[in-house]
Amino acid sequence: MFSKVRVYVFLVVALSAYVFATHALPFDLEAYAAIFIILALGSFLAQIYELEVLPHHSLSTQMAITVASLFIGGLPLAIWVAIASTLPAEIMLRWNRRKDGVLRFVDVVLFNVGQLVVCLGVASLFLNRLTELSGLPGNSYLAMSLAFIVYTFANLFLVAIIIAMTSEERFRTVMRIGSKRLPLQFLSMGVLAMLMYTLNQESPFTLALMFVPMSLVHYSVQGYLKLGRESHLAFKKITDLLEQRDQYTGDHSDEVEELSVRLGRALGMSDEELEAVKAGAAIHDIGKIAIPDAILHKRGGLTDEEYEIMKTHTTIGAEIIRDLSIYRNVIPIVLHEHEHWDGGGYPHGLAGDVIPLAARVVAVADVYSALTTKRPYRPPQGKPLQYTPDEAQAIMTDMSGAVLDPRLVEVFFRRVISLP
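Numbering follows the working numbering, with no gaps: position 59 of the sequence shown is 105.
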C-alpha cells in the first residue's frame, strides 16, 4: 500500500516524465554542446559545494544556472541541464543515506530532480503564453523576471507540499515563510540568471569566465560561515563549562532549545528567526557563569540580595556576546528572557509586545522546562520536586497575562505539548 507521500512523489515524477518526453526529445546536443557543458558542470558544482547558511537550509547558485539555461536555450536545454547536473549531484550528496532505506533514497532523488523539470515546464509555459498574449519579447528583462518569479513560486509550492506531508509543518506556514524569501531570491538568483543570459549573448566562454568571480565569492562566504560555526562552538564550550558547575543548567538549556524551536516553528517564524531562537535558547543562561556557586547551588530560597545578584545573569550574558556580530539577533533573547508580560520582570521591566517575540518564546519554553524538571530547592519550600505536564499547564495558564504571553502559552500546549 502506497503512502500519501509516495503517491505525491509518483505524481511529480510522472508529470516530469511527461514534460521531458514532450519537450526534451529530440535534443540537438551538437548545437548546444559548449553551453550545455558549461551550464551542467556549473550547476553540478553549485549543488555539490552548496553553503549551509542555516541548519537544513543551503545557499546555491544552482537555481540561477537552471533558469538561465531556460532563457538561453529554451525548455529542452534547461531540462537536460537540470537532469545532467542534479541527478548525479543528488546521488552523491545522499549516497550515505541509503541506510534509511533504498526506496526512501530513490524517492528523494527522483522527487528533487522531477520537481525541477516540472518547475521549468511551468515557467516555460508561462513565458510562452506571456509573449503570445502581450507581444512582449521572451528575451526582455521584464518577461524573464516574471518567468523567474513563476519558477521560484512553483518550486516553493511543490516543496511545501512534501514538507507538510513529512513534518509537523503546515503547508500555509511553509508557503508564508518561503514567500518572504522570494524578493531576496529574485534580487540575487533572478538577477544572476539574467546576467548569465546577457553574457552568453556575447559568447559561451564569456559566460564561463563568470564562474571565476563566483568561485571567489563562494570561498569568501564559506570562510565567514566557518567563523560563525567556530564561534557557536566556542560558546557551546562555555555552556559545557557551566554544565560542569551546574548539571541542571546544561540539561535545562538543551530542553529549552528544543521546545523553543518547536514553538517558534508553530508560530510560523522565519528560518532566520528560528536560528536566533535556537542559538538564544542554547545560551540563555550563559551569564550564570559569573554567578557565585553559593547562590547558584543554594537549595533554599534566595535572600533579596542574592536574588538581585542572580538577576544580573541576563545583563552579564548579553555583555558576553554583545560584540559578536553573529549573535546580534540573540542579544534580545539573552537580555529580555526574564521580562514579564505585565512589566514586572527584569532587567528593564518591559511589558507586552514590547518584549521581543523571540525572548517571549524562550521564556515559555524555559518556564515549562523548569517546572517539569527536578529542582532540589523546592521540597524545603513545601513544593514537589518536579511538576507533571498537566500541573505545569495549569500553573502556566495562571501565569498567562501576568508573566507569560497568553497567546504563546495557548499555542505551546496546543501545538508543541499535546496533553491528553
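We put the CB at the ideal spot given by N, CA and C, even for glycine.
Values in this document were obtained by computation on a predicted structure and should not be read as measured data.
Sub-7 angstroms separation of residue i and residue j beta-carbons
i: T361; j: P393; result: yes
i: A404; j: I379; result: yes
i: V159; j: L133; result: yes
i: L202; j: G224; result: yes
i: A63; j: Q93; result: no
i: G314; j: R222; result: yes
i: E437; j: A409; result: no
i: V113; j: F194; result: yes
i: A411; j: V302; result: yes
i: I125; j: A70; result: yes
i: P259; j: I81; result: no
i: L156; j: T198; result: no
i: A526; j: D388; result: Any answer about residue 526 is impossible in this case: the structure gives the chain only from 47 up to 466.
i: R461; j: A312; result: yes
i: S131; j: F90; result: yes
i: V163; j: A128; result: yes
i: I372; j: A254; result: no
i: L166; j: L116; result: yes
i: S106; j: K226; result: no
i: D331; j: S299; result: yes
i: Q161; j: L204; result: yes
Same chain, Cβ closer than 7 angstroms to residue i, neighbours up to 5 away in sequence not counted
i: A189; result: L173, L176, T177, L182 and P183
i: V154; result: R140
i: Y78; result: G119 and L123
i: V196; result: V168, A169 and F172
i: N375; result: A322
i: G88; result: I111 and F257
i: A86; result: V127, A130 and S131
i: F66; result: I125 and V163
i: M356; result: I337, I341 and L348
Residues near residue i by beta carbon distance below 6 angstroms, same chain, minus five either side
i: A364; result: I377, V380 and L381
i: I463; result: none
i: M235; result: M109 and A110
i: R144; result: F151
i: S49; result: none
i: L454; result: R406 and V410
i: V59; result: L156 and G160
i: H386; result: V449
i: F459; result: Q439
Contact belief for residue i with residue j at Cβ below 8 angstroms, rounded distance in angstroms
i: D451; j: R406; result: 5 angstroms
i: A239; j: A110; result: 4 angstroms
i: M445; j: V413; result: 7 angstroms
i: G395; j: H359; result: The pair is not a contact, with the Cβ atoms about 17 angstroms apart (cut-off 8 angstroms).
i: Y353; j: I207; result: Actually they do not touch by this definition, with Cβ atoms about 51 angstroms apart.
i: T212; j: V51; result: 6 angstroms
Three-state class that DSSP yields for residue i in the structure shown
i: L192; result: helix
i: S299; result: helix
i: S180; result: helix
i: S446; result: strand
i: I463; result: coil
i: H359; result: helix
i: A340; result: helix
i: D331; result: coil
i: H384; result: coil
i: T170; result: Residue identity check: residue 170 is Ser in the sequence provided, not Thr. Helix, per DSSP.
i: E352; result: helix
i: Y95; result: coil
i: G224; result: helix
i: M211; result: helix
i: A397; result: coil
i: P402; result: coil
i: K475; result: In this structure the chain extends from 47 to 466, so residue 475 is not present and cannot be described.
i: N185; result: coil
i: Y392; result: coil
i: V376; result: coil
i: M47; result: Because the pLDDT at M47 is just 36, under 50, the model does not fix this residue reliably, and the point stays unresolved.
i: D369; result: coil
i: T68; result: helix
i: L241; result: helix
i: T198; result: helix
i: M138; result: helix
Cβ neighbours of residue i in the same chain (closer than 8 angstroms, five flanking residues each side left out)
i: Y433; result: L417, T418 and I441
i: M256; result: L241, M242 and L245
i: A210; result: R216, F217 and V220
i: R368; result: I377
Query - Meets three-Cβ-pair contact criterion under 8 angstroms: the stretch 244 to 257 and the stretch 331 to 346 - result: no
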